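Counting in numbering that gives the first Met the number 0, the sequence shown runs from 0 upward without gaps. Cβ atoms here follow ideal geometry from the backbone N, Cα and C, with glycine treated the same way. Just so you know, these numbers come straight off a predicted model, no measurement behind them.
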Amino acid sequence: MEVIHKIGRRKTAVARVYVAQGKGNITVNKKDMAVYFPTATLQYKVNQPLTMTNNDGNFDITVNVYGGGITGQAEAIRLAISRAMCELDAENRLILKPEGLLTRDPRMVERKKFGQKKARKKFQFSKR
Numbered sequence: 000m001e002v003i004h005k006i007g008r009r010k011t012a013v014a015r016v017y018v019a020q021g022k023g024n025i026t027v028n029k030k031d032m033a034v035y036f037p038t039a040t041l042q043y044k045v046n047q048p049l050t051m052t053n054n055d056g057n058f059d060i061t062v063n064v065y066g067g068g069i070t071g072q073a074e075a076i077r078l079a080i081s082r083a084m085c086e087l088d089a090e091n092r093l094i095l096k097p098e099g100l101l102t103r104d105p106r107m108v109e110r111k112k113f114g115q116k117k118a119r120k121k122f123q124f125s126k127r
């Protein structure tokens, strides 16, 4: 099996994932996943497509991720791994699609408008 390369995005985070046959090691930005994502919630998000498709210890995954925050990065990695699992076996799509793991979350930060404090918040108005 050759190396599968996929990209996942979430907010401003971009994750490039390389999936190869192996023992189940996940490396994020040249660090172990447990070091890069210290909380169990973020580790669960990254592992979710692998556990759902029963490919937990089958592949070595190398990830380059940049931009955004730690949660956005974890969800970008999840999307990229989900896409790679679908390329490995078309049947995985039937498992991952209903859970929403193949959907690119389009929500982005709304821009700040001029004459306002933030995107929607206005400056305080006083009538004195």
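Tell me the rounded alpha-carbon separation between residue i and residue j.
i: GLU74; j: ARG8; result: 8 Å
i: ALA130; j: ALA79; result: The question about residue 130 has no answer, for the chain in this structure spans 0 to 127.
i: ARG82; j: LYS120; result: 38 Å
i: VAL13; j: PRO97; result: 23 Å
i: GLY114; j: ARG127; result: 20 Å
i: ARG92; j: HIS4; result: 17 Å
i: GLU109; j: GLN20; result: 41 Å
i: LYS116; j: MET107; result: 19 Å
i: LYS112; j: ALA118; result: 6 Å
i: MET32; j: THR50; result: 16 Å
i: GLY66; j: LEU95; result: 25 Å
Going by DSSP, name the residue or residues bridged to residue i.
i: GLN72; result: In DSSP, GLN72 forms no bridge with anything.
i: THR26; result: ASP31 and THR61
i: ALA14; result: GLY7 and VAL64
i: ALA19; result: ASP59
What would DSSP say about residue i, mapped onto helix, strand or coil?
i: ARG106; result: coil
i: GLN42; result: helix
i: GLN47; result: helix
i: SER131; result: Because the chain in this structure spans residues 0 to 127, residue 131 falls outside the shown range and cannot be described.
State yes or no: is the C-beta of residue i within less than 9 Å of the C-beta of residue j?
i: VAL45; j: ARG15; result: no
i: GLN47; j: LEU100; result: yes
i: GLY71; j: THR26; result: no
i: MET84; j: THR38; result: no
i: GLY68; j: LYS22; result: no
Judging by CA-CA distance, which residue of the options is the nearest neighbour of residue i?
i: ASN28; options: ARG127, TYR17 and ASN57; result: TYR17
i: PRO1; options: LEU93, LYS30, LEU87 and LYS116; result: The displayed chain sequence assigns Glu, not Pro, to residue 1. Out of LEU93, LYS30, LEU87 and LYS116, LEU87 has the C-alpha closest to the C-alpha of GLU1.
i: VAL64; options: PHE36, THR50, SER125 and LEU49; result: PHE36
i: PHE58; options: ASN24, THR50, LYS30 and VAL34; result: ASN24
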